[in-house]
Amino acid sequence: MELSDVIAGFALLVSASALIVTLRSFKSQSRLTDREIELVRIQIQQAQGEAKREKTASVSARLNRIDRTNWRLRVFNTGPATARNVRLLLDDQNQIVAENFANDKFPMSKLEKGQSVDLAAMVHMQTPPKEWLRITWEDPSGEVKENRVEITI
407 MELSDVIAGF ALLVSASALI VTLRSFKSQS RLTDREIELV RIQIQQAQGE AKREKTASVS
467 ARLNRIDRTN WRLRVFNTGP ATARNVRLLL DDQNQIVAEN FANDKFPMSK LEKGQSVDLA
527 AMVHMQTPPK EWLRITWEDP SGEVKENRVE ITI
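Here it is in structure tokens:
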């Protein structure tokens, strides 16, 4: 065996080890790429969910006591978007809000983020302890939303 054979054998070993290291590196990089793809997928889903939340309004109502005898029903928007065509729907058993008070202010063309509307409420001894109100509105996305609110005294 000559020196050139030893050098060739050594070169073959170095090449084989380099090939093995390269294959392991490709396999590791493949796993990393799969994780990156999954991470990008999750980020896209989060961005889409956030964009959808930005286009939603959240309209609700609460009964507030002003003083001993005066009460107000406050209808408010806590969502990040403007609610359009806001309607307050009262049922036949409603005794808290006079229908003419509600008809004076509703339907509202828009209720912006953080905006509220107060209605005079009539609370007396015969007023039931709780009533249900329905509020409907349209989001900027075009969906018609509804919230059924239980008003308690």
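For the sequence shown, the working numbering begins at 407 and goes up steadily by one.
Cβ atoms here follow ideal geometry from the backbone N, Cα and C, with glycine treated the same way.
Check your understanding: Under three-state DSSP, which class holds D498?
Key -> coil
Check your understanding: With a CB to CB cut of under 7 angstroms and the five nearest residues on each side skipped, what residues in its chain are close to A508?
Key -> So the qualifying residues of the chain are L494, L496 and L525.
Practice item. Report the three-state DSSP secondary structure of E505 (helix, strand or coil). Key: helix
Review point. Which residue or residues does DSSP assign as beta-bridge partners of M407?
Key: BP columns for M407 are empty, so no partner.
Practice item. Kindly list the residues whose CB is nearer than 7 angstroms to the CB of F512, restricted to its own chain and excluding five residues on each side of it in sequence; keep chain order. Key: Same-chain partners within the cutoff: V492, R493 and L494.
Check your understanding: W393 to P546, Cα distance in whole Å?
Key -> The chain is shown only over 407 to 559; residue 393 falls outside these bounds and no answer can be derived.
Point to revise | Sufficient close CB pairs (3 or more, under 8 angstroms) joining the segment 547-558 to the segment 459-479 | key: The segment 547-558 vs the segment 459-479: in contact.
Check your understanding: Whose C-alpha, out of V529, L517 and E537, is nearest the C-alpha of D498?
Key -> Checked all of V529, L517 and E537; the closest Cα to D498 is E537.
Practice item. Can you give me the start and stop residues for the beta strand (DSSP E) that A463 sits inside? Key: First-last for A463: undefined, no H or E at that position.
Point to revise | Neighbourhood of A467 by C-beta distance below 7 angstroms, restricted to the same chain and skipping five residues each side | key: L479, R480, V481, L539, I541, V555 and I557
Point to revise | CB-CB length for L378 against A489, believed under 8 angstroms | key: Given that the chain is displayed from residue 407 to residue 559, the structure contains no residue 378 and the question cannot be resolved.
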